[in-house]
Every structure is written in structure tokens, then in C-alpha cells.
Amino acid sequence: MSVDKAFREMIRNEIEVQLKPLRAVISRIEAGTADLESLRSVAERLAPVAAAMAPLFGAQVAKPGKRGPGRPAKVAAPAPVVTGGKRRGRKPSAGGASECAIIGCGSPSRTKGYCAAHYQKLRMLTKTNRRPDSWVDYAKPNSVEDLKLPRGRAAAKALAQAKEGSST
Ligand SMILES: [Zn+2]
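The numbering used here puts the sequence shown at residues -17 to 150.
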């Protein structure tokens, strides 16, 4: 007889033994003569069996009371207190070297070296395929020449030209 088979046999016998009182209680429930105390005692007797059986079936059963050997009770460390919340981008005035990359803008840089307004402009230029080569990411403060966008009819023409350039 293999060890595995012997083990299963043992488990089966153990379950049989442990289930006997449960059967008795069930018959009493059916007969209407069961009391809560006997139900509780059966539940208590079945608990260790359930705990022992759980791994065999891959189930997770909370062990009542003490923990398994070799595992010291570990108290979960309290979550680190986060102060100030999530910060987006760089702090505007931190370090001093964080002015907008656009010459003469003077606003604090927010994203990739550009202030909020110029980053929006950069995104718009990128989207419309008109981003100048000088408008690089993380450009040095006051190092990039601003781009005067055409207005009115000229703007529409420039946009159309840019679109044509991107598709071919
Ligand atoms: Zn700017």
C-alpha cells in the first residue's frame, strides 16, 4: 500500500469517526429533538477536521485560535502615513531652475520643462504635426524660442499644409 493511499485511508477513517456525531445530530434535527448545545459541540469537533481537509481540496479555511508551527504571529505594520497627497509634476518654485523653457515666458515650468500654457501649446503643435525641432522635451529654461502661430485664414492654411505633410 502506498503512502498516499494509506494517508487517504487514514483521512477517510478520521472523517468517518468525526462525522458520526453529526449524523446523530442530523437524525435528531429530523426528529425535532436537537438542541443548540449538541450542534455547537459537533461544530467544534468538526473544525479541526475541516482545517485538516482544507489543503486537500485547495480551500481556504480560517484556523481558529492558534497559528501553525514555525509561523510567529506577525502584527501587520500600520500603513505609512502619506502627507500632502499625490503631487503632480515638479513643485513650481523648487530648485529655482524650473522656469518655462520658452524664452521670455517666465512662468514656472510644470511639465517636461514647459509651463502649463506652453505645454498645452506644445501638445497642440505635436498633434497638428507642427512641432518645431527646438521645442524638445525637458529643454533648458528660457532656451526655446516661442512660436507665433498664424491666425485666421493663415492659420487654417498652415493647419491644412501640416496635415498634408503628415499624411504623405
Ligand atoms: Zn511658458
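From the three backbone atoms N, C-alpha and C, an ideal C-beta is built for every residue, glycine too.
Please read these numbers as outputs of a predicted model, since none were measured by experiment.
Candidates the options: closest to residue i by CA position
| i | options | result |
| --- | --- | --- |
| Val118 | Leu104, Glu(-9) and Arg5 | Leu104 |
| Cys82 | Pro60, Glu19, Lys122 and Asn(-5) | Lys122 |
| Tyr120 | Glu146, Arg133, Cys97 and Ile(-3) | Cys97 |
| Leu38 | Glu146, Ser(-16), Arg(-6) and Cys87 | Arg(-6) |
| Cys87 | Gly147, Ser80 and Asn124 | Asn124 |
| Lys2 | Asp(-14), Ser20 and Glu(-9) | Ser20 |
6 Å CB neighbourhood of residue i in its chain, flanking five on each side removed
| i | result |
| --- | --- |
| Ile84 | His100, Val126 and Asp128 |
| Lys94 | Asp119 and Tyr120 |
| Phe(-11) | none |
Limits of the alpha helix (DSSP H) - the one that residue i falls within
| i | result |
| --- | --- |
| Ala121 | Per DSSP, Ala121 belongs to no alpha helix (DSSP H) and is neither H nor E. |
| Thr15 | Per DSSP, Thr15 belongs to no alpha helix (DSSP H) and is neither H nor E. |
| Leu104 | Ala98 to Lys109 |
Spatial neighbours of residue i in its chain, beta-carbon cut-off 7 Å, leaving aside the 5 residues before and after
| i | result |
| --- | --- |
| Leu141 | Thr110 |
| Gln0 | Arg27, Leu28 and Val31 |
| Val136 | Note that residue 136 is Ala in the sequence shown, not Val. None. |
| Ala144 | Thr110, Asn111 and Arg112 |
| Glu(-4) | Val31 |
Beta-carbon contacts of residue i that lie in its chain and below 8 Å, excluding the five residues immediately before and after
| i | result |
| --- | --- |
| Leu107 | Arg113, Pro114, Trp117 and Leu129 |
| Lys139 | Pro132 |
- Query: Taking a cut-off of 5 Å, which residues have a beta-carbon closer than that to any heavy atom of ligand 1, in chain order?
  - Reply: Selection output, chain order preserved: Cys82, Ile84, Cys87, Ser89, Cys97 and His100.
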